[in-house]
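Everything below concerns the one structure shown next.
Written out as structure tokens, the structure reads:
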């Protein structure tokens, strides 16, 4: 998509709305499949699902351009999928296969892809922010008009790296789009139990970084807010901060009995499910039919079945190659 | 006037500065980033004058945000730049340990070889200036524990002048440890001195009776001890490791196999230190060549104290090296 086509009106376009629906469903169904495969012991380690938060990444990714860079967290399957990393290579990665996007060395939390400038799932909360600042610094120093989008949870605002990175990005006027996915819980610790000031935009603003809260359950709001911020960042206005207010419907990881939140609260948020919300809006306006929805579901199911089969049939890295990629194989970069 | 240039008199500090200046002139991707590297001129005056010549974009003063500017260096390196980060002292690098250990050292591997991090971090290390327990430690051995990093310790003018460019050409993160007591060391350097290998340990003084294995700030002490011992008819070979990771094992194994005795001198602590690693490798590969047990001269197991007599007592000294060697020779000579 060119920047010119990146106008607010495009979000109301029927084809575009159907695509938003398709992308959210892809992420949802992919994550559901991951949970199933985890329970079948096909996927191991930690597995963090994005179910409930799909509108954020789907909305934001509409705006980001191929030349931009993405830095994500350990809850990044959706971001990777939406960025254009194939479902096959993501699934193969989670199966620990050499066909995986990180050759089976990263797993669920460390999806990487050079072709789409996807700089990883980072599993240290806040650890990706300084890297995003550096990617943006390189772009600025090399005169490249690009944006680095950095996704992180609200738990990161408790880390020093958040504050250091906000300051540095603002001080040096760097093209970083900070996308905070506020799902209210840092693992099991509620924001209000861990922060004296829970207004995240205020924290970003205190570093002179323009900041807006966004309804993270509304994909169109997410897309529009991202576009607004993106244009500012892209045109040299320095970093922006978006607080996407969202909610994780599933446990933090597969080992979490969720003792820290009420079932009632989860049910309340589920009423605002970003997928069913968009579906109702589209159905009400006659923008999507049941037949089309079924077709989307069928296509997605086929893509995921294909990815799972691909991962199953994938090969294991020979153990002789264990210590590859500790150092580069060629000197002189 | 003769056109033939003889050796020039130069300090270690100036040799390091020339190396940085040379790198900035050679490669537009190179820039320097750190606390007080610009207007102040560098805590140890290594970068003094470079701001005037190269400007604030390439001699980049940072806030006191070690984690953010090291992480930004990682991001900038992945984004195509060749950053040289200056860390005032190794103790401050602990504030950036997350970025160095969790990101710089792992990203190549976690990404299945897709993203390398061509980053150089220079740090001041070591004691001897009465700077007490938060500015005097020798933690290079810690960093040498980490796969994915390379750890250099230039102890001579040639290495101060030559290691940086080689490190910058390396596709992976390289840490350079400069002992603070070396900055004022003065000597002669060839006018065409330049890039130098970082792979091999060097025999700085040949000898047949015992091998003194050391690096960095302890090299001069080891050489002085060897010269004093020669007066007493003990010929010590002095081996400068130059690189702590990777360790050039074959050079010290060859030397010990000739002299049949080894003393390791390390300003780091004995417990769990690099000296223990070297000793273990000698046991593994040259046990039957030894005439007596390997000995070590390390720092006392204490945070480095302020008072001069206590600091002196805590560190390896010429006298303590000589004493250990004489004991060894007396027992088995």
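Residue numbers (the working numbering), protein chains in the order written: chain A, 515 to 847; chain B, 7 to 339.
Quick reminder that beta carbons are idealized off the backbone N, C-alpha and C, glycines included.
For residue 816 of chain A, the enclosing alpha helix (DSSP H) stretches over residues 804 to 827.
Judged by their CB atoms, residue 603 of chain A and residue 561 of chain A are not nearer to each other than the 8 Å cut-off. Non-local C-beta neighbours of residue 154 of chain B in its own chain, meaning closer than 8 Å and more than five positions away in sequence, comprise 110, 111, 112, 114, 115, 178 and 179, ordered along the chain. Legend: CB atoms of the segment 85 to 111 of chain B lying less than 7 Å from CB atoms of chain A belong to residues 85, 86, 87, 104, 105, 108 and 109.
Out of B/184, B/122, B/106 and B/84, the CA that lies nearest to the CA of residue 840 of chain A is found in B/122. Beta-bridge annotation (DSSP): residue 126 of chain B is paired with B/90 and B/180. The DSSP-derived three-state label of residue 156 of chain B is strand.
Contact note: residue 118 of chain B reaches chain A through 614, 615, 616, 617, 618, 619, 620, 626 and 839, using a C-beta cutoff of 8 Å and chain order.
Excluding its 5 nearest sequence neighbours in each direction, residue 94 of chain B has C-beta neighbours in its own chain below 7 Å: 41, 49 and 130, listed in chain order.
A straight-line Cα-Cα distance of about 13 Å links residue 595 of chain A and residue 608 of chain A. Boundaries of the beta strand (DSSP E) around residue 303 of chain B: 301 to 305. Residues of chain A with a Cβ closer than 9 Å to the Cβ of residue 202 of chain B do not exist; the shortest Cβ-Cβ separation is about 14 Å. Each of B/279, B/298 and B/223 was checked against the Cα of residue 322 of chain B, and the nearest Cα belongs to B/223. Taking 8 Å as the CB threshold, residue 82 of chain B lines the interface with chain A. Distance from residue 564 of chain A to residue 541 of chain A at the Cβ level is roughly 6 Å; contact confirmed, criterion being Cβ atoms closer than 8 Å.
A straight line joining the alpha-carbon of residue 528 of chain A with that of residue 801 of chain A spans about 6 Å.
Here residue 196 of chain B carries a coil assignment [DSSP, helix/strand/coil].
For residue 683 of chain A, the CB contacts under 6 Å within the same chain, skipping 5 residues up- and downstream, are 647, 690 and 753 in chain order.
Assigned with DSSP and collapsed to three states, residue 39 of chain B falls in strand. Using a CB distance cut-off of 8 Å, residue 651 of chain A counts as an interface residue toward chain B.
Per DSSP, reduced to three states, the secondary structure at residue 557 of chain A is coil, with no helix or strand assignment.
Against chain B, the CB of residue 788 of chain A has no partner CB under 8 Å away; the residue lies outside that interface. Interface annotation for the segment 650 to 675 of chain A against chain B: 651, 652, 653, 655, 656, 674 and 675, criterion Cβ-Cβ distance under 7 Å. Contacts between residue 71 of chain B and chain A, judged by CB atoms closer than 9 Å, involve 644, 674, 675, 677, 678, 679, 681 and 682 in chain order. Contiguous beta strand (DSSP E) elements confined to the segment 20 to 77 of chain B occur at 36 to 40 and 65 to 67, taking only those with 3 or more residues. By the CB criterion at 8 Å, residue 144 of chain B and residue 305 of chain B fall inside the cutoff. Within the model, the alpha-carbon separation for residue 83 of chain B versus residue 615 of chain A is close to 21 Å.
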